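Number of protein chains: 2
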Amino acid sequence: MKDYFKLHEWKIIEEGFDPQENRMVESIMSLGNGHMGMRGNFAEQYSGDSLQGTYIAGVYYPDKTVVGWWKVGYPEYYAKVPNATNFIGIDVEINGEPLDLAHWQVNEFRRELDMKEGYLFRSFVAENEEGLKIRVKSRRFLSMACREVGALQYTIEPVNRDIELQLTPYLDGTITNEDANYDEIFWEAMEAEADASPRKNCGQGFLKIKTRKSHFQVATAMEYELSIPATTLTSQCEQKYVSNQLSLSLTAGEEVTLNKYMAVTTSRDYEGEEIDRQAKKKAVEAKESGWQQLFQQHAAAWEQIWQEGDIEIEGDVAAQQGIRYNIFQLNQTYTGHDPRLNIGPKGFTGEKYGGATYWDTEAYCLPFYLNTRDNEIARNLLLYRYRHLEKARENAAKLGLEGALYPMVTMNGEECHNEWEITFEEIHRNAAIVYAIYNYIKHTGEKDYLAEYGMEVIAEIARFWEDRAHFNPRRNKYMILGVTGPNEYENNVHNNWYTNRMAVWCLEYALETIEYLKEEKPAVMQELWNELGLSAGELEKWRDMIDKMYYPYAEEFEVFEQQDGYLDKKLLTVEDIPAEDLPLHQNWSWDRILRSCFVKQADVLQGLYFLSDQYDISTKKLNFDFYEPRTVHESSLSPCIHSIIAAEIGYEEKAYELYLRTARLDLENVNNDTEDGLHITSMAGTWMAIVEGFAGMKVMEKEEEENILSFDPFIPEQWESYSFKINYRGRQLKIEVTSEESTITREEGEPLQIIFAGEKSEV
Amino acid sequence: MKDYFKLHEWKIIEEGFDPQENRMVESIMSLGNGHMGMRGNFAEQYSGDSLQGTYIAGVYYPDKTVVGWWKVGYPEYYAKVPNATNFIGIDVEINGEPLDLAHWQVNEFRRELDMKEGYLFRSFVAENEEGLKIRVKSRRFLSMACREVGALQYTIEPVNRDIELQLTPYLDGTITNEDANYDEIFWEAMEAEADASPRKNCGQGFLKIKTRKSHFQVATAMEYELSIPATTLTSQCEQKYVSNQLSLSLTAGEEVTLNKYMAVTTSRDYEGEEIDRQAKKKAVEAKESGWQQLFQQHAAAWEQIWQEGDIEIEGDVAAQQGIRYNIFQLNQTYTGHDPRLNIGPKGFTGEKYGGATYWDTEAYCLPFYLNTRDNEIARNLLLYRYRHLEKARENAAKLGLEGALYPMVTMNGEECHNEWEITFEEIHRNAAIVYAIYNYIKHTGEKDYLAEYGMEVIAEIARFWEDRAHFNPRRNKYMILGVTGPNEYENNVHNNWYTNRMAVWCLEYALETIEYLKEEKPAVMQELWNELGLSAGELEKWRDMIDKMYYPYAEEFEVFEQQDGYLDKKLLTVEDIPAEDLPLHQNWSWDRILRSCFVKQADVLQGLYFLSDQYDISTKKLNFDFYEPRTVHESSLSPCIHSIIAAEIGYEEKAYELYLRTARLDLENVNNDTEDGLHITSMAGTWMAIVEGFAGMKVMEKEEEENILSFDPFIPEQWESYSFKINYRGRQLKIEVTSEESTITREEGEPLQIIFAGEKSEV
């Protein structure tokens, strides 16, 4: 799959149509604007293999859990983003025959995702059995400027004969989810209107449907205009489907263009009839402002994003295309305009994982948004968890524990996942929630966040660790038994080093922030103290846990032992695995994976990455040398962390090699599953590998009064140069690295003390 | 629920009808004869809550697996005994009104299971809204003498008015399974015949249906006769349903009796039309021999079973009823006439667990059949596994391992279960297969079994352990990582003491049996040696593993540590658990159960029970004192093992208390789940608790040339006396224990050296 798409700095280009790859390409060509998203499906009918997908952010359906063997505490449902009203559809009939690329011969086919301006273009010439040729061009976007709006332009030209054409723009709410657990229909009908204008060159439609059980209302309005008036116009209006049929005659060489404007509003943002009114109003406004203006506003918004968030790579088009694709999809998935939203591992590009949120957000995605967008956007990711604190408390209580446990997988704060070894045991996720707050404050300096929101979350998570660990009098140590660490190829282990270390770090940070607030905002802290029911005794316990936490250590190798007993395994390396056995999760039974020494994803190294300042290069080297040869990186979130550490310890080639493993993961369909949707959260990892790895960016901790930003760049020898910008405390800095030199420029804001390649200086 | 059934030495009696308890009573009143079984459903229509259940041994349906998160190696289906043709049904209409106990007022209701003669009796007087009273008596049995045959006698008498009566004896194959994973219909139609005799007092019906996918054909023939000829007789014949409608008039006080004889044959035993022919022939023969004779043959077979297998207890009717109920149900479930059959945890009494076979058979049930029935019956249990050796090899290969791994749950030798922590990791089950062979030979002295069948199984299981364990050079020990022991409240642990110990025991026994065969049957052994591909090197490896196996040990308590890290847990006792938290599996989330120290069922103690001769009383005492207070016994298989060890170490009260926990488990519906079916395999445990626990029976190992049978009886102070018989190497011995004295009598066979209460003597 390496060369399916043409290399281009700003575009993803498919030349020629391969029905076998259509699902994969549909994923790749997905559009989104944070409010909604859609796969790169055809507008006209297509009877070949396709996964029709339109998704509305924050709208979910509680799909009844499937489980073989029920355990107490399992959630009753899995919240899924349902496939929503298909609003791009335009059925096309030529001389009574449907234009369906599964049946017509397809020539000059081109599908193109333009990342610079954020639109999808497609053109082709289709020929039927009688030799009639039709040229089609279509273009569409979901507006980044006006999030509830999307637009589609569809142009048809009979190449060699006169034709009778029928165009049927429609809204279709009869869609289903392929991954529905029990083949349930997720939507029920509410309203449908299809009024045809007497002018015969324009018309509108309106459809409102509602998710069952969760009762989200989604209204979709369409307005369209035709460049040549239709000769006849009829309309169809069913419970969950509305359309207009426009008939007209075209002579050979004559073009007709249909512009279709859509607006999608939901009960998440409006109430009652206002939902309908806003959808209709916005569709009308979109039509009135016209295609050009609407598109320009949209493209301008993308220009702004690229202005701040681009990474330029010279000398390697594939790398340039790869990183831009990742940045493009991250920005399509999450725009930060709504603190009730978060990032799903597949964004709006497929049904898999149900669009729910994982710890990926805090561990991998936050730095990207923190550095490339306004602080408010990252802040909204934090607020998402703050709003779910009460549910996290309930979640801990389900497990018989105090404090708060954030869910492994969630849409609305409730746990969705139902594997005990993950749901109940992969509790390290809780530490990432605190780490994200710490990271946000370290980066932005906005300590106010603590008093307003952060402290409560930090304290309740500290309390969770307090209750979840127990004191083992036999060893005079605290221990945390029965967990799954980030390396999910170990389940129900005792004393996962990462988990124990991060639990203690949470306690340390909790004490530090309490101390800070006591001094800086005593009244606020007093109030929180009372509300949270904190006591001196409880803080004493935390200190005792910090002092006496047990950490497994492998003397023989001078490395942190991943968990108790890891060293008892057969210590092979990945090279010992026969090639045909990889990936392990597709070839080995689970017990075999579990008892092997092979690591799915960064575990001990994840801790060394998060708490980088606390470990010296020699420690990192020893641990990298021990764990990297045993890591199969069967999570797309893994290589970036290893890459960053490799870069730091001077293994530059290794850092580049690890970066390559995910840099073009979807574009080259490396895991052979891109048809299910894109690996959105891992895309942030490749950004991290360049910025934090190659460029060595970090915010040093407590060197002086304020944190100091530091860079230590190198450039892979395959590249000529790379450059990127970051936002840091009101400044915009541009970092440029070539094989000869590295420079940093301040483009906006006040002067700043930094460390660059080991030297302190002002920029 | 303690007193729902009346106490009686030989009967289980329900007086008065409680619709709320009907499902539970239906389970309790189940009948079976090894070939088939049925719940205690009503013969006439009943619209209240009921689980209609008829099951044919060895007939299964592969029901598609339900699993939330698929893992490599999971089975595609779960083999289930499908609910089969309902052949007891007789619909009753009185003056056009259906007799349905959900609508009629029920008086003088009595349902009675007679264990001595193995029949179910029911009588009642039903009254409708008009005050019409009808007396019904019914009686039925599944013949122990003629396994394919069952009979039902149904008598009706209008008490206070003349009536028009319609009786509809039928065969109904439209039945479904409540527990079907995807609501599939398991059966498809084959043939249906309903011929009415011109004589109007008798008739017949025939129905043949076939399971989908697995294609088991089941033919059911009925013949009935009526004590008064019907005035009209019509028949109904549908695809999966046949019946006759018999109408007649009765005057008040006049009785009519319908005798219905059924024969059930399957494609497991016959081919093609022979299936039909045999069913019809046997139904006709049954009718011809008549109710009395048929019943007498059946009752005589039961007399023989009780003659050999009864336990008599004096001074405690509840205990007498309880143990007889257990013995009765065990003999109904498995009769040993067919080596393709085995024992399901719920026998023929419900749908749960799908009628499949677990390690319960080898670990708990074998001793019962070994001591109370002919050797051949226990031998057939061993042959069942021998026939599945090839599938056990495939099962090991699925896990990437050499040798044979017997499935956790099976019907035909293939694994059915799909929880990785059980399916892939609860591998100790393999040892029980070898132990059963050892136990069989120790008891019967039939060493021939080794050469014919046993050696192959033993060697392939030894080979599995060889591959599954690995040598840990760091500790110079062999280890077995990632297992679930008998205590399923620990998953994926390292070095479960029981598993490691039993693995080594398997290797020891394999070496010993190879040695034995080399000496006694060198030609046979040579052939096996070649066939199995054994080598001197492989045996050397086994010896090395025996020498260097690692066993976790808790110095501080001088006990075997259940697994690595067990001592790191918070060492509470069951008394520390709040009463409302019990049973744990209904109240605690799985992670909480896993990290707690609480033991579900005998684990280390299971090993001390199996390898009793190898551990002294002091070791057993230390381990019992440590583990018993931490054992919640949330498996019904657990208390019997603890009871036997308690008896051996002189904790007589404790032994009795533990015995009581399961002695009347179903009769008192202790676990509140008897409605799902009976706990058949745990019933063998209560037998063991009396014979091996209270009476201290064991076969001493290697005291002299031949094994010596030993007893060391005590009597619980609540009892006046107890006595039982056992079969041992051609002898029948009767053991009688009172509070004053214990005696042993030889009733059949040659004199025998035994050890009785510590003294060697001849009996």
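Top line first, the protein sequences correspond to chains A and B.
The letter at position 648 of the first sequence is residue 632 when you use my numbering, and the numbering goes up by one with no holes.
The letter at position 153 of the second sequence is residue 137 when you use my numbering, and the numbering goes up by one with no holes.
Note that CB positions come from ideal geometry on N, CA and C, so glycine has one too.
Note that the structure is a prediction, hence the values are computed from the model and not measured.
A/I193 and A/Y254 have their C-alpha atoms roughly 14 Å apart.
Across the region 361 to 390 of chain B, CB contacts with chain A closer than 9 Å involve K382, L383, G384, L385, in sequence order along the chain. Taking a cut-off of 8 Å on C-beta distances, the region 362 to 373 of chain A does not touch the region 481 to 500 of chain A, as fewer than three cross pairs fall below it. From the listed residues A/I74, A/W171, A/E113, the smallest Cα separation to A/Y39 is found for A/W171. Listed as beta-bridge partners of A/I118 by DSSP are A/A110, A/P142.
Contact between A/R106 and A/S127 does not hold, since the beta-carbon distance rounds to 19 Å and is not under 8 Å. In this structure, B/G669 places its C-beta atom within 7 Å of the C-beta atom of B/C624. Residue range 225 to 234 is occupied by the beta strand (DSSP E) that includes B/Y225.
When secondary structure is reduced to three states using DSSP, A/M22 falls in the strand class.
Listed in chain order, the positions of the region 38 to 51 of chain B with a beta carbon within less than 8 Å of a beta carbon of chain A are T49, V50, V51. A straight-line Cα-Cα distance of about 27 Å links B/E207 and B/G237. The residues I728, R730, L736, I738, in chain order, have a CB closer than 6 Å to that of B/V747 in the same chain once the five nearest residues on each side in sequence are set aside. For B/M392, the nearest beta carbon of chain A is not closer than 7 Å to its own beta carbon.
A/H454 reaches chain B at K554, counting residues in chain order whose Cβ is nearer than 7 Å. Residues of chain A whose Cβ lies closer than 9 Å to the Cβ of B/G328 do not exist, since the nearest Cβ in that chain is about 18 Å away. Proximity to B/N228 across B/L155, B/N514, B/G18, B/A173 peaks at B/L155, based on C-alpha coordinates. Taking a Cβ-Cβ threshold of 8 Å, the residues of chain A close to B/Q570 are V56, in chain order. For the pair of segments examined, the region 390 to 403 of chain A was found to touch the region 63 to 80 of chain A: the number of CB pairs separated by less than 8 Å reaches three. Neighbourhood of B/D575 in chain A, by CB distance below 7 Å: L383, W404, F408, E409, G466, in chain order. Look at B/G661: its C-beta is not under 7 Å from any C-beta on chain A. By the Cβ criterion, the region 256 to 269 of chain B is not in contact with the region 213 to 224 of chain B, since fewer than three pairs of Cβ atoms, one from each stretch, lie closer than 8 Å.
In the displayed model, A/N91 falls within a strand according to three-state DSSP. In the three-state reduction of the DSSP assignment, B/C130 falls in the coil class.
In this structure, the alpha-carbon of B/G680 lies about 31 Å from that of B/A446. Using a Cβ-Cβ cut-off of 7 Å, B/N475 is close to N476 of chain A, given in chain order. Against chain A, the beta carbon of B/W53 has neighbours under 7 Å at E403, listed in chain order. The secondary-structure analysis by DSSP pairs A/M533 across a beta bridge with A/Y462. At a cut-off of 7 Å between beta carbons, B/L578 contacts chain A.
Bridge partners of B/R261 according to DSSP: none are assigned. The beta-carbon of A/M533 is placed no less than 7 Å from the nearest beta-carbon of chain B. For A/T317, the enclosing alpha helix (DSSP H) stretches over residues 301 to 317. Counting only residues of its own chain and dropping the five nearest sequence neighbours on each side, A/W(-6) has a CB closer than 6 Å to the CB of M99, K100. Inclusion of B/V477 and B/I411 in the CB contact set at 7 Å is not warranted, their separation being larger than that value.
Of all C-beta pairs linking the region 293 to 311 of chain A to the region -7 to 10 of chain A, three or more are shorter than 8 Å, placing the two stretches in contact. Secondary-structure assignment with DSSP links B/N243 through a beta bridge to B/Q137, B/E209.
Not one beta carbon of chain B lies nearer than 7 Å to the beta carbon of A/D167.
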